[in-house]
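Each remark here refers to the structure printed beneath this line.
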Amino acid sequence: VAHYDAFGVSPALSFGADSNGSGVAALLELARLFSKLYTNSRTHPQFNLVFLISAGGKFNYHGTKKWIEDNIDSTEGSLLADSLFTMCIDSIGNGDDLYVHVSKPPKEGSTTAKLFNELQNVASLLAPAMRVSMVHKKINLADETLAWEHERFSMRRLPAFTVSHLPSHRSPSRSSIFDTSDKVDKAKLARNVKVIAEAVAHVLYNMTDTGTSLEVFRDSLGLQEDYLGAWLDMLSSQPRGAQLMAKGKAPVVSMLEQVLARHLKEVRLSSFRPDKRDPEIVFYDTPVAVMNAYSVKPAVFDLFLAAFIGAYLGTVYLIIVNFHHVQRVVGLFSQPKVKVN
């Protein structure tokens with residue numbers, strides 16, 4: 031799971047390269063890698079994978095909430111009830127370490143625990159300097175906003191966690207207009223995606239207890255850094271504020287739908303409209319506005335100008351009041367000279 035929208039003080043300047051362009055790019059690369067395994071009957075695992083790119087991530091993960099509600103309450107049955115784990119990817123385009131954020135520590139022997147152990151094992155083999163840690167944070171229902179996307183699943187008692195290079199959800203980079211593509215280290219992004227892909231593959235093929243260091247994704251099945259970087263550049267080249275994509279079908283959504291259709295067997299686009307009577311989120315118009323800046327004289331200049339004007343007016347006043355003295359002085363200088371013979 032990865033949300034594609036960005037957030038910042040200005041929607042038109044919210045590019046969200048790391049949060050969460052890196053997560054969406056990683057999800058697309060994972061879909062491409064695993065599609066090669068699932069299209070071959072010899073390498074098809076016994077588990078199914080579901081990829082979700084959600085909207086409203088910066089608004090309390092509203093899109094994920096609606097998707098969970100529709101799938102759990104569906105009369106046709108849902109794969110969520112039988113899911114072994116849900117991995118949410120958020121901000122993995124930098125950092126030397128990875129953090130697995132959970133609302134409740136997984137039980138020993140569970141699929142989530144195996145995947146966490148495998149993330150540590152794969153990281154120690156592919157990137158010895160990299161450390162994978164688990165961060166436990168309980169869900170605070172009193173807060174207006176949730177910390178991580180996996181909490182939406184945890185509230186429904188579904189096993190879920192979030193993978194991120196950020197140790198805390200309070201990092202200011204998650205909602206910064208300075209989160210641009212030049213802040214993302216593509217080499218570290220590729221390393222993180224490689225670790226995640228190998229760990230998931232080891233769990234799917236039940237390679238967790240064998241102690242093997244076999245790489246599944248190599249050679250022709252290897253990760254393509256150019257593909258990963260191209261999607262990151264595309265996503266971070268345009269603002270993705272939720273306000274900008276609330277009306278109609280945004281071009282970025284169409285592109286994501288098309289690329290997923292190349293690798294997945296079935297792709298479904300779900301749209302949600304807020305309740306007109308009691309909407310949970312209200313977007314206001316004019317997300318893009320022009321701000322004018324004017325250059326003015328400093329305040330000291332105004333003081334000097336006021337003093338000069340005051341002195342000028344005072345001088346004129348004194349001349350008018352004492353005009354007879356002025357006239358006398360002028361008369362002394364204007365008297366004609368007398369010639370003496």
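Take the sequence shown: its letters are residues 31 to 371, numbered as in my numbering.
Here a beta-carbon is modelled for each residue, glycine too, at the ideal position from N, C-alpha and C.
Predicted model, so just to flag it, every value in this text is computed and none were measured.
| said: Since V223 and P197 should fall inside the 8 Å C-beta cutoff, what is the C-beta to C-beta distance between them, to a whole number of angstroms? | reply: Not really, about 20 Å apart at Cβ, beyond 8 Å.
| Do you know offhand how far M185's Cα is from R62's? | 30 Å
| task | Look up G372 in the DSSP assignment and say whether it is helix, strand or coil. | result | Here the chain comprises residues numbered 31 to 371, so residue 372 is not present and cannot be evaluated.
| task | For A323, write down the residues that DSSP places opposite it in a beta bridge. | result | None, per the DSSP bridge assignment.
| message | Please give me, in chain order, every unbroken run of the alpha helix (DSSP H) with length at least 4 that falls completely inside the stretch 45-90. | response | 52-68
| Mapping DSSP to helix, strand and coil, what is A190? | strand
| said: How far does the alpha helix (DSSP H) with T94 in it extend, from its first residue to its last? | reply: H92 to I102
| Exposed or buried, E228, counting other C-beta atoms within 10 Å across all chains shown (16 or more means buried)? | buried
| field | Euclidean distance between Cα positions of H199 and P281 | value | 29 Å
| Out of A85, D249, P41 and S154, which has the shortest C-alpha to C-alpha gap to V283? | A85
| said: Check whether chain B comes within 8 Å of P309, counting only Cβ atoms and requiring the distance to be less than that. | reply: No chain B appears in this structure, which consists of one protein chain only.
| Curious, which full-length alpha helix (DSSP H) runs of at least 4 residues does the stretch 136-221 contain? | 141-156 and 180-184
| task | Inspect the beta-carbon positions of F191 and V130 and report whether they are closer than 8 Å. | result | yes
| For R298, is the classification buried or exposed, using 16 other Cβ atoms within 10 angstroms of its Cβ as the cut-off for buried? | exposed
| task | Answer yes if the stretch 131-141 comes into contact with the stretch 201-218, meaning at least three C-beta pairs across the two stretches below 8 Å, and no otherwise. | result | no
| query | Does the Cβ-Cβ distance between H195 and I119 come in under 8 Å? | reply | no
| query | In this structure, does DSSP put Y129 in helix, strand or coil? | reply | strand
| field | F338 versus V346 - alpha carbon distance | value | 12 Å
| task | Using 10 angstroms around the beta-carbon of Y13, count the other beta-carbons present and answer buried if the total reaches 16, otherwise exposed. | result | As shown, the chain starts at 31 and ends at 371. That puts residue 13 outside it, with no answer to give.
| query | What is the residue span of the beta strand (DSSP E) that M117 lies within? | reply | T116 to I119
| field | Cβ contact (3+ pairs, closer than 8 Å) linking the stretch 351-367 and the stretch 302-310 | value | no
| In this structure, does DSSP put A227 in helix, strand or coil? | helix
| task | Enumerate in chain order the residues of its own chain whose CB-to-CB distance from D48 is below 7 Å, with the five nearest sequence positions on each side excluded. | result | S121, G123, N124, S203, D209, K213 and V214
| query | Can R270 and G46 be called in contact, C-beta distance under 8 Å? | reply | yes
| query | What is the DSSP secondary structure of G271, counted as helix, strand or coil? | reply | strand
| In three-state terms, what does DSSP make of A111? | helix
| said: Relative to the C-alpha of A319, which candidate in M275, Y34, A42 and Q357 has its C-alpha closest? | reply: A42
| request: Pull up the CB-CB distance for L149 and V225, whole angstroms please, since I reckon it's below 8 Å. | output: 6 Å
| Spatial neighbours of V162 in its chain, beta-carbon cut-off 6 Å, leaving aside the 5 residues before and after | L128, L149, Q150 and A153
| query | In angstroms, rounded to a whole number, what distance separates the CA positions of R221 and A157? | reply | 8 Å
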